[in-house]
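Per numbering that gives the first Met the number 0, the sequence shown starts with residue 0, numbered consecutively.
Positions of the beta carbon are idealized from the N, C-alpha and C atoms, including for glycine.
Everything below concerns the one structure shown next.
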Amino acid sequence: MRVSGSTDDPAGPPLPAPGEEGRLPEVRQVEPGVRLLLCRCGHSPRLPDCPLDCRQGLAFQAERPRILLLCRCGRSRRLPWCDGSHAPEAVGFKARWRRFWAGR
């Protein structure tokens with residue numbers, strides 16, 4: 000059993016950088032069989048990962064190769080998935096997509 004994304008794992012993903020860059024979503028590529036424990040409450044110190052002792056965490060197991068867009072700001076209404084709440088309001092599909100990558 001492979002487990003990834005636990006905050007109890009010292010080799011887990013790094014903490015978000017301070018400032019604007021830390022609010023962008025995390026793009027995580029997962030392979031089949033990988034298990035993640037993802038934060039749904041927004042209070043984890045290592046968003047988007049959840050501590051093992053949290054009762055609200057979402058246990059996710061990839062059944063196929065996937066690319067996940069995960070929230071790191073804690074404001075998403077669809078935690079652990081990023082819904083763009085970190086970015087200013089945008090009109091139209093192209094504008095909404097561009098707001099994810101603003102400042103890069």
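Item                                                                                                                                                                               : Value
Hey, could you find the ends of the beta strand (DSSP E) Glu58 is sitting in?                                                                                                      : At residue 58 the sequence reads Ala, which differs from the Glu that was named. Note, Ala58: beta strand (DSSP E), 57-60.
Along the chain, where does the beta strand (DSSP E) containing Arg34 start, and where does it finish?                                                                             : 33-37
Relative to the C-alpha of Cys70, which candidate in Gly56, Pro47, Gln60, Glu88 has its C-alpha closest?                                                                           : Pro47
Taking all protein chains shown into account, do 16 or more other C-beta atoms lie within 10 angstroms of the C-beta of Cys40, making it buried, or fewer, making it exposed?      : exposed
Kindly list the residues whose CB is nearer than 8 Å to the CB of Glu30, restricted to its own chain and excluding five residues on each side of it in sequence; keep chain order. : Ala61, Pro64
Using the rule of at least 16 other Cβ atoms within 10 Å of the residue's Cβ for burial, across every protein chain shown, is Arg45 buried or exposed?                             : buried
Please determine, among Leu67, Leu36, Gly73, the residue with the shortest C-alpha to C-alpha distance to Gly56.                                                                   : Leu36
On the premise that Ala58 lies in contact with Arg77, defined as a C-beta separation below 8 Å, what is that separation, rounded to the nearest angstrom?                          : No, Arg77 and Ala58 are not in contact; Cβ-Cβ is about 17 Å, not under 8 Å.
Taking its Cβ as the centre, do 16 or more other Cβ atoms sit within 10 Å of Pro87, making it buried, or is it exposed?                                                            : exposed
Bridge partners for Val26 per DSSP, in chain order?                                                                                                                                : Leu68
Whose C-beta lies closer than 6 Å to the C-beta of Arg22 among residues of the same chain, with five residues either side of it excluded?                                          : Cys72, His85
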